[in-house]
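Visitor: In the numbering used here, the protein residues as written are 3 to 255. Note that the Cβ used here is the ideal one computed from N, Cα and C, for glycine as well. Predicted model only: the values in this text are computed from it and were never measured. What follows is a single structure, and I will ask about it in a moment.
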Amino acid sequence: MTNTLKYFIGNWKMFGDFNSLKIANQISNFSRHFKKKGKKYKVVLCVPHTLLNYFNEKLKSKFVSIGAQNCHYYQNYGPYTGSINANMIKKVGAKYVILGHSENRIEGETNHLIKKKIESAINQKLNIIFCIGETAKEKKRGKTFLTIMKQIKGSISKKYDLNKIIIAYEPVWSIGTGKIPKTLELKKIFKFIKIKFKKTFKTKKPPVVLYGGSVNPNNIRIFSSISDIDGFLIGGASQSSKKFIDIIKNYYK
Ligand code: PGA
3 MTNTLKYFIG NWKMFGDFNS LKIANQISNF SRHFKKKGKK YKVVLCVPHT
53 LLNYFNEKLK SKFVSIGAQN CHYYQNYGPY TGSINANMIK KVGAKYVILG
103 HSENRIEGET NHLIKKKIES AINQKLNIIF CIGETAKEKK RGKTFLTIMK
153 QIKGSISKKY DLNKIIIAYE PVWSIGTGKI PKTLELKKIF KFIKIKFKKT
203 FKTKKPPVVL YGGSVNPNNI RIFSSISDID GFLIGGASQS SKKFIDIIKN
253 YYK
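In structure tokens, the structure reads:
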């Protein structure tokens, strides 16, 4: 069930300007030199749309891939003031796009809308980081498994190129709060997602599943003991090159 390739994906949210290139360069330099025997990992930084082109052109080495944090569902140019579609972010160098983040679900994104976005991003051959996760209320009511299955079934179709979809399990109550799930809970949830995904979409390979929510250099060792976790979607801590680099270092300690 375990994928050996691990992902460290930064989600900068509404952070960063041209000066932040130095953060990305520091992370990229680190990834270029940090080799661990038998360990394969990939680093992605999902930055605001305003930085995609700049980072894509200016990053000194290609040891970091660039991603976007959302896109519009409509494939072509259209009357959607203020919106940017999958084709547009692809053209300026994005290789990845985060879709279904809880901060956008809170603003009204539904499973159905996210499905349309996933479909258009797949058509552009982008890699999708598809976020799922329960709220504090859903957790309290014992609805965690139900919620994440609804999100998966509501936004993914088996006709998609499923190799392009990375799932990020991010419990909403953990994002930006410093709270993280218990190890046993995580083990169960990751097993559940992988088994159900394979069953639902009749795939041979389990999906890549990341954990996201308050990941930092101090708690990363807790996660590294869970082999089903294929990597991390890191918010706040990814805005500091030191913290992001320490997360990778400590993961492999
Ligand atoms: P956090 O955010 O690491 O700041 O909790 C994670 C995310 O929103 O993807």
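Can you tell me whether Asn87 is helix, strand or coil according to DSSP?
Guide: One-based indexing of the sequence shown puts residue 87 at position 85. It is a strand residue.
Visitor: Kindly examine ligand 1 and report whether one of its heavy atoms sits closer than 7 Å to the Cβ of Glu111.
Guide: On the sequence shown, residue 111 is found 109 positions in, with the first residue counted as 1. No, the beta carbon of Glu111 sits no closer than 7 Å to any heavy atom of ligand 1.
Visitor: Taking 8 Å as the threshold, find out whether the stretch 13-23 comes into contact with the stretch 44-54 through three or more Cβ pairs.
Guide: Taking one beta carbon from each stretch, the stretch 13-23 and the stretch 44-54 have 3 or more pairs nearer than 8 Å; the two touch.
Visitor: For Cys133, collect the residues of the same chain with a Cβ closer than 6 Å to its Cβ; drop the 5 residues on either side in sequence, then sort them by chain order.
Guide: In the sequence shown, the residue the question calls residue 133 occupies position 131. Apart from sequence neighbours up to five positions away, the residues of its chain that approach Cys133 with a beta-carbon distance below 6 Å are Gly102, His103, Ala170, Glu172, ordered along the chain.
Visitor: Do you know offhand how far Pro209's Cα is from Asp230's?
Guide: Taking the first residue of the sequence shown as 1, we reach residue 209 at position 207. Taking the first residue of the sequence shown as 1, we reach residue 230 at position 228. Approximately 10 Å, taken between the alpha carbons.
Visitor: Return helix, strand or coil for Lys44, following the three-state DSSP convention.
Guide: To locate residue 44, count along the sequence shown from 1; it is residue 42. Strand at Lys44.
Visitor: For Lys117, which residues of its own chain have a beta-carbon under 8 Å away from its beta-carbon, when the five flanking residues on both sides are left out?
Guide: Here residue 117 refers to the residue found at position 115 of the sequence shown. Same-chain partners within the cutoff: Gly156, Ser157, Ile158, Ser159.
Visitor: Got a sec? Which residues, its chain only, sit under 6 Å from Ser122 by beta carbon, not counting five neighbours each side?
Guide: Here residue 122 refers to the residue found at position 120 when the sequence shown is read from its first residue. Correct list, in chain order: Tyr75, Gln77, Ala88.
Visitor: Who are the Cβ neighbours of Glu140 in its own chain at under 7 Å, not counting the five residues just before and after it?
Guide: Counted from its first residue, the sequence shown places residue 140 at position 138. Correct list, in chain order: Thr146, Thr149.
Visitor: Provide the residue span of the alpha helix (DSSP H) that contains Phe192, from first to last.
Guide: The residue given as residue 192 occupies position 190 in the sequence shown. Start and end: 185-203.
Visitor: With which residues is Asn13 paired in a DSSP beta bridge?
Guide: Position 11 of the sequence shown, counted from the first residue, corresponds to residue 13. DSSP, once it has assigned bridges, lists Cys48 as partnering Asn13.
Visitor: When we look at the beta-carbon of Ser227 and count the other beta-carbons within 10 Å, is it buried (16 or more) or exposed?
Guide: Along the sequence shown, read from residue 1 onward, the residue named residue 227 stands at position 225. It is exposed - the Cβ of Ser227 has fewer than 16 other Cβ atoms within 10 Å.
Visitor: By Cβ distance below 6 Å, which residues in the same chain neighbour Ile236 in space, the five residues on each side in sequence not counted?
Guide: Taking the sequence shown and counting its residues from 1, one reaches residue 236 at position 234. Taken in chain order, the residues that qualify are Gly12, Val217.
Visitor: Can you give the Cα-Cα distance for Lys196 and Lys245, rounded to whole angstroms?
Guide: Residue numbering aside, residue 196 sits at position 194 when the sequence shown is read from its first letter. Residue numbering aside, residue 245 sits at position 243 when the sequence shown is read from its first letter. Taking the straight line from one Cα to the other gives about 29 Å.
Visitor: Out of Gln126, Asn72, Ile182, Phe203, state which residue places its alpha-carbon closest to the alpha-carbon of Asn220.
Guide: The residue given as residue 220 occupies position 218 in the sequence shown. Measuring from the Cα of Asn220, the nearest candidate turns out to be Ile182.
Visitor: Could you give the DSSP three-state label for Asn271: helix, strand or coil?
Guide: Within the shown structure, residues of the chain are numbered from 3 to 255, placing residue 271 beyond reach of any answer.
Visitor: Can you give me the C-alpha to C-alpha distance between Cys73 and Asn106, rounded to a whole angstrom?
Guide: The sequence position of residue 73 within the sequence shown is 71, counting from 1. The sequence position of residue 106 within the sequence shown is 104, counting from 1. The alpha-carbon atoms of Cys73 and Asn106 are separated by roughly 11 Å.
Visitor: Leu61: buried (16+ other C-beta within 10 angstroms of its C-beta) or exposed?
Guide: Locating residue 61 in the sequence shown gives position 59, where the first residue counts as 1. Label assigned to Leu61: buried.
Visitor: Rank Thr205, Leu54, Val45 by C-alpha distance to the C-alpha of Leu23 and give the top, closest one.
Guide: On the sequence shown, position 21 is the one that residue 23 refers to. For the options Thr205, Leu54, Val45, the alpha carbon positioned closest to that of Leu23 is the one of Leu54.
Visitor: Given that a residue counts as buried once 16 or more other Cβ atoms are within 10 Å of its Cβ, and exposed if not, what is Gly135?
Guide: Your numbering for residue 135 matches position 133 in the sequence shown. Gly135 comes out buried.
Visitor: So Tyr171 is in the alpha helix (DSSP H); what residue range does that whole segment cover?
Guide: Indexing the sequence shown from 1 puts residue 171 at position 169. Looking at the DSSP string, Tyr171 is not in any alpha helix (DSSP H); the run it does join, the beta strand (DSSP E), is 167-171.
Visitor: Could you compute how far the alpha carbon of Tyr98 sits from the alpha carbon of Tyr254?
Guide: As a first step, residue 98 is located in the sequence shown; it is residue number 96 there, counting from the start. As a first step, residue 254 is located in the sequence shown; it is residue number 252 there, counting from the start. Pairing Tyr98 with Tyr254, the inter-Cα distance amounts to about 24 Å.
Visitor: Alpha carbons only, please: which of Thr179, Gly178, Asp232, Thr205 is nearest the one belonging to Phe192?
Guide: Start at 1 with the first residue of the sequence shown, and residue 192 comes out as number 190. The candidate whose alpha carbon is nearest that of Phe192 is Asp232.
Visitor: Roughly how far, in whole angstroms, is the beta-carbon of Phe199 from the beta-carbon of Tyr213, given that I think they are within contact range, below 8 Å?
Guide: As a working note, residue 199 is residue 197 in the sequence shown. As a working note, residue 213 is residue 211 in the sequence shown. That pair is no contact at about 15 Å.
Visitor: Would you tell me roughly how many angstroms separate the C-alpha atoms of Asn58 and Gly180, rounded to the nearest one?
Guide: Walking along the sequence shown from the start, residue 58 turns up at place 56. Walking along the sequence shown from the start, residue 180 turns up at place 178. Straight-line Cα distance between these residues: approximately 31 Å.
Visitor: Take Val45 and list the residues in its own chain whose beta-carbon comes closer than 6 Å to its own, dropping the five residues that flank it on each side.
Guide: The sequence position of residue 45 within the sequence shown is 43, counting from 1. Answer for Val45: Phe10, Ser33, Val66, listed in chain order.
Visitor: Taking 7 Å as the cut-off, is the beta-carbon of Val217 closer than that to any non-hydrogen atom of ligand 1?
Guide: On the sequence shown, residue 217 is found 215 positions in, with the first residue counted as 1. True, at least one ligand heavy atom lies under 7 Å from that Cβ.
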